[in-house]
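Down below is the structure, laid out as structure tokens.
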Amino acid sequence: MASKRTVYMELKGTVSLYGILGFFGLFILAGLGAFWYMEVYGHIVSGMNNQIVWGLPHVFAIFLIVSASGALNVASIGSVFGKTAYKPMSRMSGLLAIALLIGGLAVLVLDLGRPERIIVAMTAYNFKSIFAWNIFLYTGFMVIVGAYLYLQMSRGIKPIWLKAAGITAFVWRLLLTTGTGSIFGWLIAREAFDAAVLAPMFVAMSLSFGMAFFILVSLGVNRLDGREFGPALLSRLGKLLGIFAAVVLYFVMIQHLTNLYATEHHGVERYILLEGGILTLLFWVAHVIIGNIVPMALVFHPKTGKNRTAIVLASVLVILGGIAQIYVILIGGQAYPLMLFPGYEVQSTFFDGTFGEYTPSLPELLLGLGGVAIALAATIVGMKVLKIVPTTLADSAVDPHHREAA
Amino acid sequence: MTELTTTKADPVSVSRRTFIGGAAAVATVTLAPGITVVAYGSDGEDKLVKGARWGLLIDVNKCPQSCNACVTACSNEHGWEDTGNPLTDAQWIRKVDIKDMKTGLEQSLPVMCQHCETPPCADVCPTGASFRRGDGIVLVDKHLCIGCRYCMMACPYQARSFIHEPLTGQKPYSPRGKGTVESCTLCVHRVDVGRIPACVEACDGTGNGAMIFGNMNDPESEIAKRIAQYPSTQIRADLGLDPGVRYTNL
Numbered sequence: 001m002a003s004k005r006t007v008y009m010e011l012k013g014t015v016s017l018y019g020i021l022g023f024f025g026l027f028i029l030a031g032l033g034a035f036w037y038m039e040v041y042g043h044i045v046s047g048m049n050n051q052i053v054w055g056l057p058h059v060f061a062i063f064l065i066v067s068a069s070g071a072l073n074v075a076s077i078g079s080v081f082g083k084t085a086y087k088p089m090s091r092m093s094g095l096l097a098i099a100l101l102i103g104g105l106a107v108l109v110l111d112l113g114r115p116e117r118i119i120v121a122m123t124a125y126n127f128k129s130i131f132a133w134n135i136f137l138y139t140g141f142m143v144i145v146g147a148y149l150y151l152q153m154s155r156g157i158k159p160i161w162l163k164a165a166g167i168t169a170f171v172w173r174l175l176l177t178t179g180t181g182s183i184f185g186w187l188i189a190r191e192a193f194d195a196a197v198l199a200p201m202f203v204a205m206s207l208s209f210g211m212a213f214f215i216l217v218s219l220g221v222n223r224l225d226g227r228e229f230g231p232a233l234l235s236r237l238g239k240l241l242g243i244f245a246a247v248v249l250y251f252v253m254i255q256h257l258t259n260l261y262a263t264e265h266h267g268v269e270r271y272i273l274l275e276g277g278i279l280t281l282l283f284w285v286a287h288v289i290i291g292n293i294v295p296m297a298l299v300f301h302p303k304t305g306k307n308r309t310a311i312v313l314a315s316v317l318v319i320l321g322g323i324a325q326i327y328v329i330l331i332g333g334q335a336y337p338l339m340l341f342p343g344y345e346v347q348s349t350f351f352d353g354t355f356g357e358y359t360p361s362l363p364e365l366l367l368g369l370g371g372v373a374i375a376l377a378a379t380i381v382g383m384k385v386l387k388i389v390p391t392t393l394a395d396s397a398v399d400p401h402h403r404e405a406a
Numbered sequence: 001m002t003e004l005t006t007t008k009a010d011p012v013s014v015s016r017r018t019f020i021g022g023a024a025a026v027a028t029v030t031l032a033p034g035i036t037v038v039a040y041g042s043d044g045e046d047k048l049v050k051g052a053r054w055g056l057l058i059d060v061n062k063c064p065q066s067c068n069a070c071v072t073a074c075s076n077e078h079g080w081e082d083t084g085n086p087l088t089d090a091q092w093i094r095k096v097d098i099k100d101m102k103t104g105l106e107q108s109l110p111v112m113c114q115h116c117e118t119p120p121c122a123d124v125c126p127t128g129a130s131f132r133r134g135d136g137i138v139l140v141d142k143h144l145c146i147g148c149r150y151c152m153m154a155c156p157y158q159a160r161s162f163i164h165e166p167l168t169g170q171k172p173y174s175p176r177g178k179g180t181v182e183s184c185t186l187c188v189h190r191v192d193v194g195r196i197p198a199c200v201e202a203c204d205g206t207g208n209g210a211m212i213f214g215n216m217n218d219p220e221s222e223i224a225k226r227i228a229q230y231p232s233t234q235i236r237a238d239l240g241l242d243p244g245v246r247y248t249n250l
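In order, the protein sequence lines correspond to chains A and B.
Residues in the first sequence are numbered consecutively from 1, following our numbering.
Residues in the second sequence are numbered consecutively from 1, following our numbering.
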């Protein structure tokens, strides 16, 4: 138990709160406008084509969906692993998880060729499709985490039920990200995919991206509302973020080393790691260095690891690096040509044997950012109307063993 | 469902198998924008030839690099065309020029949907819009396709196209539309009335005779005899998909 009883309060309806909601509202409107533009004129107005069939909207959608399950980390650490200091943040964790998933799914649906047929996707199922499974994993996640949130906010609930809901949500979020990774892992046709390691790699990515989102959002709302967020607690979250970033790099290393060992994959590895132009740059600089190594250095260094600004910076870099990582996986995996005739030089009017061309368009970017805005706006609205955010996250309030540094 | 006429037909395939087939009696009910229920007359179910596996055999030695007759014929038959946007234009069939990097040997061959026995496109399709008919023809049900494009990610042959722009003037027997995915139908509308695909007809017309269409499960058919007598290859045979399109001299 925490040393003091945690009190939760709705966010105050301040000018800055409505200002921020209005800011996100503009992005949501821009995203909807972009959707309508693509809906009327077709995907011809996007940068996508018959070689790169999933573009920037999918990068954002996958990023948000993966982050959603990771945003639940804090709740899981509190309820499943029994760390009391995390329990007061559990509601924020659950709400953010649901909101991120809604944002990601919105982008995914609005990028469909026939988005008005969403009812078809919800009524006609091919159960051999991992995509169809994912529809259940996503809706199930919202129901389970929603129930978990409800139980947390209800009075007189026995701890055993909370624990059960927490464990169910934890197992489900692992399944969900495994499902998202398997969308790529089970694609036999493409050299960059078709690997079982993608499923656990996506789980690792979710831990890292979700933690970064959680740190930024929870710090942001606490600051917005003038509530305290203890430096020791933040430092703990920062160190966890660093560990998760290391796990991501571990899986990325395994994936590429395994491919590098097999001659048949040398082509795709050379493309991603050496000769892919912007993709190679994004891989090494944005994803590996800026998105993982620098944040790890920031959170593990004895000085910066206790510095609020440094931890915020590390979280921002993890998010930017995460978007870059998904971009490289998704676009790189499609841009590398399908090998219909190994050992042959190949050419055709349908771009056989050539690297796919893709330049993201403004509508795609706006649609993706609109999804991020939906997630963040939904989080803030949830915190405004429900008792989600603790009145204080001061170290002395969340950790009975906390001692102020002398 | 009671009129199963093939041994390999699965329930999903049978219920949808005639959606493109131009059945005689068609009733259409529009429930809401974008949702249309189409009911076909039962005569469509009789069109599946019992136990058939329709396929193509392409002799690469008889396919000159300069000839594009099959591609032109398909384009004319189904109405897909060059609109000046090569990256986004649909191509149901294309000529692929290949050169052996060791020996320098150059060859040219048409590549289209390979009508796999176990099609990855149908495996990954969330709604079941991509499906394989009981007679081996792989199709997209344009009423179920939501335009997610996962089938295009899954197809090892780059055989599918997404429609990026509004279309007009589609052929009644070849439904196409913005926001959905499409590919070679093996001219199912012709096959169902006993005709051969447009590409094969055009290839015959040139005198090259590089393409043979037929029922690979009928031992008396020319295609079955050829593949039994001479070696043939499958593109990406390593994937074990058992495509319905085979090549010789490749």
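For glycine and all other residues, C-beta sits at the position ideal for the given N, C-alpha and C.
Close Cβ partners of residue i (< 7 Å) along its chain, the five nearest in sequence each way excluded
i, result
"A:Phe170", "Ser76 and Val80"
"B:Asp89", "Asp82 and Thr83"
"A:Ala324", "Leu282, Ala286, His287 and Gly291"
"B:Leu144", "Thr127, Gly128 and Ala129"
Buried or exposed (CB count within 10 angstroms, at least 16 for buried), residue i
i, result
"B:Val326", "Residue 326 of chain B cannot be examined here, being either before or after the span of chain B that is shown, 1 to 250."
"B:Lys178", "buried"
"A:Tyr18", "exposed"
"B:Met101", "exposed"
"B:Val26", "Note that B:Val26 scores 43 on pLDDT, short of 50, meaning its location in the model is unreliable and no value can be drawn from it."
"A:Lys12", "exposed"
"A:Ile160", "exposed"
"A:Arg5", "exposed"
"B:Arg314", "Residue 314 of chain B lies beyond the residue range present for chain B, which begins at 1 and ends at 250; the question has no answer from this structure."
"A:Pro57", "buried"
Residues near residue i in its chain [Cβ-Cβ closer than 8 Å; skip 5 each side]
i, result
"A:Leu21", "Ala377, Ile380 and Val381"
"A:Arg223", "Phe229"
Identity of the residue in the options nearest residue i by Cα
i, options, result
"B:Asn68", "B:Thr83, B:Lys102, B:Pro86 and B:Leu109", "B:Leu109"
"B:Glu165", "B:Thr83, B:Arg133 and B:Asn217", "B:Thr83"
"A:Tyr358", "A:Ile278, A:Leu386 and A:Ala373", "A:Ile278"
"A:Ala189", "B:Asp238, B:Val49 and B:Gly209", "B:Asp238"
"B:Val71", "B:Met152, B:Val111, B:Leu241 and B:Ala224", "B:Val111"
"A:Val389", "A:Leu108, A:Val107 and A:Val217", "A:Val217"
"B:Pro86", "A:Gln51, A:Ala297, A:Trp284 and A:Ser206", "A:Gln51"
"A:Val346", "B:Met153, B:Val96 and B:Cys155", "B:Val96"
"A:Leu367", "A:Leu340, A:Leu11, A:Ile215 and A:Gly33", "A:Gly33"
"A:Ala106", "A:Asp225, A:Val312, A:Val59 and A:Leu149", "A:Val59"
"A:Leu64", "A:Gly103, A:Ile144, A:Val143 and A:Thr280", "A:Gly103"
"A:Val247", "A:Ile135, A:Met201 and A:Thr258", "A:Met201"
"A:Gly332", "A:Ala314, A:Thr354, A:Leu317 and A:Leu340", "A:Thr354"
"A:Leu234", "A:Ile183, A:Gly305 and A:Leu187", "A:Gly305"
"A:Asp194", "B:Pro156, B:Asn208 and B:Arg190", "B:Pro156"
"B:Glu77", "B:Pro197, B:Ser161, B:Cys203 and B:Ala159", "B:Pro197"
"A:Gly267", "A:Phe251, A:Pro302 and A:Leu338", "A:Leu338"
Same chain only: Cβ atoms within 6 Å of residue i, ignoring 5 sequence neighbours per side
i, result
"A:Gln255", "Val197"
"A:Leu157", "For clarity, residue 157 of chain A is Ile in the given sequence; the question names Leu instead. Closer than 6 Å at the Cβ level, and outside the excluded window around A:Ile157, lie Leu151."
"B:Ser221", "Gly214 and Asn215"
Enclosing beta strand (DSSP E) for residue i [first to last residue]
i, result
"A:Gly185", "From DSSP, A:Gly185 is part of no beta strand (DSSP E) but of the alpha helix (DSSP H) over Pro159 to Gly185."
"B:Met112", "Glu106 to Met112"
"B:Trp54", "Trp54 to Asp59"
"B:Ile93", "Ile93 to Asp100"
"A:Val312", "No beta strand (DSSP E) holds A:Val312; the alpha helix (DSSP H) holding it covers Arg308 to Tyr327."
"B:Arg246", "Val245 to Thr248"
"B:Leu144", "That residue, B:Leu144, is in no beta strand (DSSP E); it is neither H nor E in DSSP."
"A:Tyr344", "Tyr344 to Ser348"
"B:Met211", "Met211 to Asn215"
"B:Arg132", "Ser130 to Arg132"
Continuous alpha helix (DSSP H) stretch holding residue i: start and end
i, result
"A:Phe23", "Val15 to Tyr41"
"A:Phe422", "Residue 422 of chain A is absent from the model: chain A starts at 1 and stops at 406."
"A:Asn259", "Pro231 to Tyr261"
"A:Phe202", "Leu198 to Leu224"
"A:Ser93", "Ser90 to Leu110"
"A:Phe457", "This structure gives no information on residue 457 of chain A, because the portion of chain A shown stretches from 1 to 406."
"A:Ile144", "Ile130 to Met153"
Assumed close pair residue i, residue j - CB separation to whole angstroms, cut-off 8 Å
i, j, result
"B:Gly147", "A:Leu112", "5 Å"
"A:Ala212", "A:Leu241", "6 Å"
"A:Asp399", "A:Ala85", "4 Å"
"A:Gly179", "A:Asn134", "5 Å"
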